[in-house]
Amino acid sequence: MRSPPRLSGSLTDLGTSNNEFSMEHQNTQRKRKQPEHSCNCNCAQELQDFRKDVTSMLRKFTNTQEATMNFIRDNITEMKTQVTNIKVTTDTLNKDQISMKAQISDITTKATAADSKIQSLEAEIVTLKNNMAFGTTMSTSDENVIQELQERVTRKKNIIVKLSSTNKNVEEMRHQIIELKKQNTMLRTDINYKEQMERLLKLEIIGLREDKCENLKNIIIAVGNQFGVPWEHNDIIQANRVTPKTKIQGRPRVIMEKLRSRLLKDNLISASHKRRITTTDINLKGDCRPIYIIEHLTVQNKQLLNKTKETAKNANSSTPEPKTEDFLFTKQIHHPQY
1 MRSPPRLSGS LTDLGTSNNE FSMEHQNTQR KRKQPEHSCN CNCAQELQDF RKDVTSMLRK
61 FTNTQEATMN FIRDNITEMK TQVTNIKVTT DTLNKDQISM KAQISDITTK ATAADSKIQS
121 LEAEIVTLKN NMAFGTTMST SDENVIQELQ ERVTRKKNII VKLSSTNKNV EEMRHQIIEL
181 KKQNTMLRTD INYKEQMERL LKLEIIGLRE DKCENLKNII IAVGNQFGVP WEHNDIIQAN
241 RVTPKTKIQG RPRVIMEKLR SRLLKDNLIS ASHKRRITTT DINLKGDCRP IYIIEHLTVQ
301 NKQLLNKTKE TAKNANSSTP EPKTEDFLFT KQIHHPQY
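Counting from 1, position 44 in the sequence shown corresponds to residue 44 in UniProt numbering; the numbering is continuous, with no gaps.
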């Protein structure tokens with residue numbers, strides 16, 4: 001019995017030497033094939049090209065959106081000019097109508113008096129004719145009187161004819177005024193709709209104290225985090241303070257912000273209705289004041305919302321006041337394009 005050698009292991013042929021087996025074993029070993037393009041890919045260049053394509057697409061989209069907004073603004077400016085012209089024309093027509101009504105009333109009074117005089121003159125003429133039938137001769141003065149009376153009657157009849165034509169003109173002007181009022185209402189509605197569409201991504205934050213060194217975006221992000229609506233700086237397109245038309249002493253200016261998507265705005269407003277926060281919650285200096293978040297409405301929609309709240313309050317004190325989103329939902333029902 002022979003034990004196998006240490007290096008080569010068991011040998012099938014005991015006559016073969018250990019060194020010969022080692023050489024054969026080494027000669028049969030081969031290297032593993034490597035993939036042809038394992039280190040030749042240019043991933044950095046491809047990523048750079050992809051970024052350029054995405055940047056180009058975003059720029060085209062931004063330019064398209066800006067062109068659309070400029071077109072809408074131009075239309076609103078033109079419509080405002082038309083509304084102003086229509087208002088001036090309507091005011092002029094109203095003044096003319098009032099003046100014509102006064103003239104018509106005066107003419108009607110004079111016509112009534114003229115009718116009574118005509119009847120009296122006709123009665124006198126009939127009496128004179130009867131007296132003349134019994135007489136043999138007629139003086140020249142009597143003929144002149146009769147002729148003058150007949151001329152007066154003719155003039156009064158002409159006045160009545162002119163008065164009837166004036167009444168027709170007044171009716172036509174009334175119809176024109178009604179039509180102009182309808183057009184004015186339609187233009188105001190369209191302008192209000194387009195202005196509200198421009199405010200679709202905007203909201204107002206009320207109650208935040210003003211500071212010269214304040215960073216509005218950081219404050220807005222802190223408010224969103226308190227309401228459980230996290231966002232980043234690029235989610236806020238614009239943020240600034242807006243001075244009201246009638247400034248109230250001691251009240252800070254409202255923060256108006258424009259967000260990147262409507263979903264962020266709706267989530268923040270919905271969260272603000274479920275929970276109230278104060279300036280202390282976001283670590284602002286000064287007195288503790290409540291923070292309110294509302295829709296950025298047009299002047300007309302704000303007036304309509306206030307009237308709706310007042311009506312609901314007067315109708316039934318137990319009925320909850322309508323919210324801004326309920327008001328906008330009602331607008332969608334009455335205005336299909338909203």
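By construction, the Cβ of each residue, glycine as well, lies at the ideal position given by its N, Cα and C atoms.
For chain C, find out if any of its Cβ atoms is closer than 7 Å to the Cβ of PRO230; answer yes or no. Absence of chain C from the displayed structure is noted, only one protein chain being present.
Starting from ASN267 and walking both ways along the alpha helix (DSSP H), at which residues does that stretch end? Locating residue 267 in the sequence shown gives position 267, where the first residue counts as 1. 262 to 274 is the extent of the alpha helix (DSSP H) around ASN267.
Buried/exposed call for GLY286, threshold 16 Cβ in 10 Å: Position 286 of the sequence shown holds residue 286. Classification for GLY286: exposed.
So, helix, strand or coil for VAL229, using DSSP? Walking along the sequence shown from the start, residue 229 turns up at place 229. Taken through DSSP and simplified to helix, strand or coil, VAL229 comes out as coil.
Rounded to the nearest angstrom, what separates LYS162 and ILE177 at their Cα positions? Taking the sequence shown and counting its residues from 1, the one referred to as residue 162 is at position 162. Taking the sequence shown and counting its residues from 1, the one referred to as residue 177 is at position 177. The straight-line gap from Cα to Cα measures roughly 23 Å.
Since ILE221 and LEU208 should fall inside the 8 Å C-beta cutoff, what is the C-beta to C-beta distance between them, to a whole number of angstroms? Working through the sequence shown from its first residue, we reach residue 221 at position 221. Working through the sequence shown from its first residue, we reach residue 208 at position 208. Contact between ILE221 and LEU208 fails: their C-beta atoms lie close to 13 Å from each other, not under 8 Å.
Does the region 267 to 278 come within contact of the region 242 to 249, defined as at least 3 CB pairs closer than 8 Å? Result no; under three Cβ-Cβ pairs closer than 8 Å.
Thinking C-alpha only, which one of ASP235, ARG251, SER105, LEU180 is nearest LEU263? Here residue 263 is taken as the residue at index 263 of the sequence shown, counted from 1. Comparing Cα positions, the closest option is ASP235.
LEU304 lies in the beta strand (DSSP E); which residues open and close that run? Translated into the one-based positions of the sequence shown, residue 304 becomes position 304. Note, LEU304: premise wrong, no beta strand (DSSP E); alpha helix (DSSP H) at 299 to 315.
For GLN150, which of SER120, ASN225, ALA271 has the nearest alpha-carbon? Residue numbering aside, residue 150 sits at position 150 when the sequence shown is read from its first letter. By alpha-carbon distance to GLN150, the top candidate from SER120, ASN225, ALA271 is SER120.
Closest to LEU268 by C-alpha separation, out of THR311, ILE291, GLU143, would be which residue? To locate residue 268, count along the sequence shown from 1; it is residue 268. The residue from THR311, ILE291, GLU143 with its alpha-carbon nearest to that of LEU268 is ILE291.
Touch test, the region 293 to 300 against the region 192 to 200, Cβ-Cβ under 8 Å, three pairs minimum: Between the region 293 to 300 and the region 192 to 200 there are three or more inter-stretch CB-CB distances shorter than 8 Å, so the stretches are counted as touching.
How is the beta strand (DSSP E) around GLN249 delimited, first residue to last? Residue mapping note: residue 249 aligns to position 249 of the sequence shown, counting from 1. GLN249 -> no beta strand (DSSP E), and no H or E assigned at all.
Curious, which full-length beta strand (DSSP E) runs of at least 3 residues does the region 171 to 223 contain? Qualifying beta strand (DSSP E) stretches, in chain order: 202 to 206.
Using the three-state DSSP reduction, which class does LYS285 fall into: helix, strand or coil? Position 285 of the sequence shown, counting from 1, holds the residue named residue 285. Looking at LYS285 - three-state DSSP - the assignment turns out to be coil, as it is neither helix nor strand.
Between which two residues does the beta strand (DSSP E) holding ASN240 run? To locate residue 240, count along the sequence shown from 1; it is residue 240. Note, ASN240: beta strand (DSSP E), 236 to 242.
Taking the DSSP output, what are the residues bridged to ILE293? The count along the sequence shown starts at 1 and reaches residue 293 at position 293. Note: ILE293 sits in a beta bridge opposite ILE205.
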